[in-house]
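A short write-up of the structure that comes next.
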Amino acid sequence: MKGLLLKELYILKGFGKQYLLILAFLLIWAISTKSFSFIIVYVALIGSQIAMSTMAADEAVSFSRYALTMPIDRKMLIKTKYMLFLGTILGGTVVSVVLNLLLFSTSFGADNYFTWEGLAAVVCVFVVGNSISMPVMFKAGVEKARYVTIFTMLLMSGVFVAGIKLGGLESKLENYSGGSWYLLSIVIAVLSIVLSYFAAVKITKNKEW
């Protein structure tokens, strides 16, 4: 397990410069336009997508097939990706929270920070979207999993907007306190990851890598 995690970190090292350049550009753009909401969301999005990016690197060299010739089983391969996903989405969320706190404490960002409830909802959507697509990633590959992620997030966003426009969802959400909203987001996110992991293990049981 330790070796697999080190391999994931080595791949991340290769992606690091690209992500830093993107974030630097977005930060400059956000400062020049005085619009910071996008970069806060984007940091969380990057965190949620890293596991899929490393899986694409694995597919390019057929790493899973090679790994299974060693004392490594399918569960270990899957568990490593979920541990990476959990770590990177938490890391992205922490960076988003720090950026939001910095905005809230500055004069130019005080009116432009992301609401905490909104940030919790965004992270929850990213977690659920990727939790649905990760079993697909192990079964059918990264390319199809990316389409599933996009479709799932668009579907959830569409349902949310429709609920606000047609079902009076906004007034119902106002009845939830901040603490209740955060707790609900955490419960949904954790459940989706747990269910996703067991689904991934089950559907890849007889897969030929």
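Residues in the sequence shown are numbered consecutively from 8, following our numbering. For each residue, glycine too, the CB sits at the ideal point set by N, CA and C.
Can you tell me whether Pro142 is buried or exposed? The criterion is at least 16 other CB atoms within 10 Å of its CB, across all chains shown.
Taking the first residue of the sequence shown as position 1, residue 142 is located at position 135. Counting Cβ neighbours within 10 Å, Pro142 comes out buried, since at least 16 surround it.
What are the complete beta strand (DSSP E) segments, minimum 3 residues, inside the region 85 to 109?
none
Could you give the residue range of the alpha helix (DSSP H) that holds Asn137?
Position 130 of the sequence shown, counted from the first residue, corresponds to residue 137. Where Asn137 is concerned, the enclosing alpha helix (DSSP H) stretches over Trp123 to Ala147.
Ser5 in three-state terms, based on DSSP:
This structure gives no information on residue 5, because the portion of the chain shown stretches from 8 to 216.
Report, in whole angstroms, the separation of the C-beta atoms of Met90 and Leu12, which I expect to be a contact under 8 Å.
On the sequence shown, residue 90 is found 83 positions in, with the first residue counted as 1. On the sequence shown, residue 12 is found 5 positions in, with the first residue counted as 1. Between Met90 and Leu12, the beta carbon gap of about 7 Å places them in contact (Cβ cut-off 8 Å).
I'd like to know whether the C-beta atoms of Ala152 and Ser140 end up nearer to each other than 7 Å.
Numbered from its first residue, the sequence shown carries residue 152 at position 145. Numbered from its first residue, the sequence shown carries residue 140 at position 133. Cβ atoms of Ala152 and Ser140: closer than 7 Å.
Segment contact, 8 Å Cβ cut-off, at least three pairs: the region 143 to 162 with the region 53 to 68
yes
On the CB-based measure, 16 or more other CB atoms within 10 Å of its CB, does Gly54 come out buried or exposed?
The sequence position of residue 54 within the sequence shown is 47, counting from 1. Under this definition Gly54 is a buried residue.
With 16 as the cutoff for other CB atoms within 10 Å, does Ser203 come out buried or exposed?
As a working mapping, residue 203 is identified with position 196 in the sequence shown. Buried, because 16 or more other Cβ atoms sit within 10 Å of the Cβ of Ser203.
Would you tell me roughly how many angstroms separate the C-alpha atoms of Arg81 and Leu110, rounded to the nearest one?
Locating residue 81 in the sequence shown gives position 74, where the first residue counts as 1. Locating residue 110 in the sequence shown gives position 103, where the first residue counts as 1. Straight-line Cα distance between these residues: approximately 44 Å.
Backbone secondary structure at Leu13 - three-state DSSP
Position 6 of the sequence shown holds residue 13. Three-state result, Leu13: helix.
CB of Ile156 within 7 Å of CB of Gly136, strictly
Walking along the sequence shown from the start, residue 156 turns up at place 149. Walking along the sequence shown from the start, residue 136 turns up at place 129. Reading off the sequence shown, one finds Thr at residue 156, where the question assumed Ile. Taking 7 Å as the Cβ cut-off, Thr156 and Gly136 qualify as a contacting pair.
Under the assumption that Ala127 contacts Tyr189 (Cβ atoms under 8 Å), give the Cβ distance between them as a whole number of angstroms.
As a position in the sequence shown, residue 127 is number 120, starting the count at 1. As a position in the sequence shown, residue 189 is number 182, starting the count at 1. With 8 Å as the limit, Ala127 and Tyr189 qualify as a contact, their Cβ atoms being about 5 Å apart.
Same chain only: Cβ atoms within 7 Å of Ser103, ignoring 5 sequence neighbours per side:
Here residue 103 refers to the residue found at position 96 of the sequence shown. If you ignore the 5 residues before and after Ser103, its C-beta comes within less than 7 Å of the C-beta of Ile47, Val50, Ala51 and Leu126, all in its own chain and listed in chain order.
Starting from the C-beta of Lys86, find all residues in its chain whose C-beta is less than 8 Å away, skip the five residues before and the five after it, and write them out in chain order.
Position 79 of the sequence shown, counting from 1, holds the residue named residue 86. Same-chain partners within the cutoff: Met8 and Tyr204.
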